[in-house]
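Below is one structure, written out as structure tokens; comments come after it.
Numbering (the working numbering), first residue to last: 357 to 552.
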């Protein structure tokens with residue numbers, strides 16, 4: 357029995373990823389002791405639901421259910437309002453762009469959760485705090501690199517809602533798209549039946 361670590365996320369357009377990369381580059385240059393792992397900009401995304409380990413057959417079924425029930429508005433935009441360490445209330449694990457949870461994003465999140473419930477797939481039900489990870493803090497110690505919370509005002513565009521498979525490697529995670537619901541902003545493929 358093969359299980360795949362998986363999650364559902366919003367992917368960003370290339371232009372939006374490049375916007376965030378400029379912010380990340382500024383702080384990466386200050387990270388003299390490599391206390392933070394900086395992922396490739398292709399990995400920037402907004403996680404809607406973490407599914408954990410799932411059977412490929414269950415993921416296939418979920419992809420089919422998503423194709424019937426979920427629609428991504430072509431002009432869906434995300435409002436970024438803060439750059440800070442995250443989470444706030446405990447030892448931070450990442451440097452993140454925090455997003456406003458507006459009506460459009462709530463609707464996409466609700467659609468996603470309802471589809472998962474309809475599919476009978478277990479997922480992480482912790483409170484949804486929308487964010488985009490720019491860097492992950494290495495180890496368990498607080499970083500010496502001080503980055504105070506910073507207000508930003510950036511509008512980001514979504515390219516697709518994507519079901520991902522995640523594989524851990526020593527140099528970071530590799531995310532493989534299983535299924536995409538594209539917006540009209542970028543032409544992305546739909547279901548890939550060769551992923552397993």
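Note that beta-carbon positions come from the ideal geometry of N, C-alpha and C, so glycine has one too.
Keep in mind the model is a prediction, meaning the values are calculated, not measured.
Legend entry - Proximity of residue 315 and residue 376 at Cβ, strictly below 7 Å: Outside the shown range of the chain, which is 357 to 552, sits residue 315, and nothing can be said about it.
Inset, instruction - Report yes or no: do the region 516 to 536 and the region 439 to 454 share at least 3 C-beta pairs separated by less than 8 Å? - result: Not touching, per the Cβ criterion.
Legend entry - alpha helix (DSSP H) segment containing residue 437, residue limits: DSSP places residue 437 in no alpha helix (DSSP H) but in the uninterrupted beta strand (DSSP E) bounded by 433 to 442.
Legend entry - Residue span of the beta strand (DSSP E) that contains residue 511, given as start and end: Unbroken beta strand (DSSP E) run through residue 511: 506 to 525.
Legend entry - Residue-chain proximity (residue 422, chain B), Cβ-Cβ < 7 Å: No chain B is present in this structure, which holds just one protein chain.
Inset, instruction - Evaluate the contact criterion for the region 358 to 373 versus the region 402 to 419: three or more CB pairs, one atom per stretch, below 8 Å. - result: Three or more beta-carbon pairs separated by less than 8 Å link the region 358 to 373 to the region 402 to 419, which places the two stretches in contact.
Inset, instruction - Entirely within the region 380 to 434 and at least 4 residues each: give me those alpha helix (DSSP H) ranges in chain order. - result: Qualifying alpha helix (DSSP H) stretches, in chain order: 412 to 425.
Inset, instruction - Output the distance between the C-alpha atoms of residue 528 and residue 395, rounded to the nearest integer angstrom. - result: Using only the alpha carbons, I get a separation of about 7 Å.
Inset, instruction - Using a threshold of 7 Å, state whether the C-beta atoms of residue 489 and residue 452 are closer than that. - result: In contact: residue 489 and residue 452 (Cβ atoms closer than 7 Å).
Legend entry - C-alpha gap between residue 546 and residue 539, whole angstroms: The pLDDT assigned to residue 546 is 39, lower than 50, so where the model puts this residue is not dependable; a value taken from the coordinates is nonetheless given after this. A straight line joining the alpha-carbon of residue 546 with that of residue 539 spans about 11 Å.
Legend entry - Assumed close pair residue 537, residue 422 - CB separation to whole angstroms, cut-off 8 Å: That pair is a contact at about 6 Å.
Legend entry - Exposed unless 16 or more other CB atoms sit within 10 angstroms - verdict on residue 513: Burial state of residue 513 is buried, judged by a 10 Å Cβ sphere holding 16 or more other Cβ atoms.
Legend entry - residue 390 burial status per 10 Å Cβ neighbour count (16 or more: buried): By the neighbour-count definition (other C-beta atoms within 10 Å, threshold 16), residue 390 is an exposed residue.
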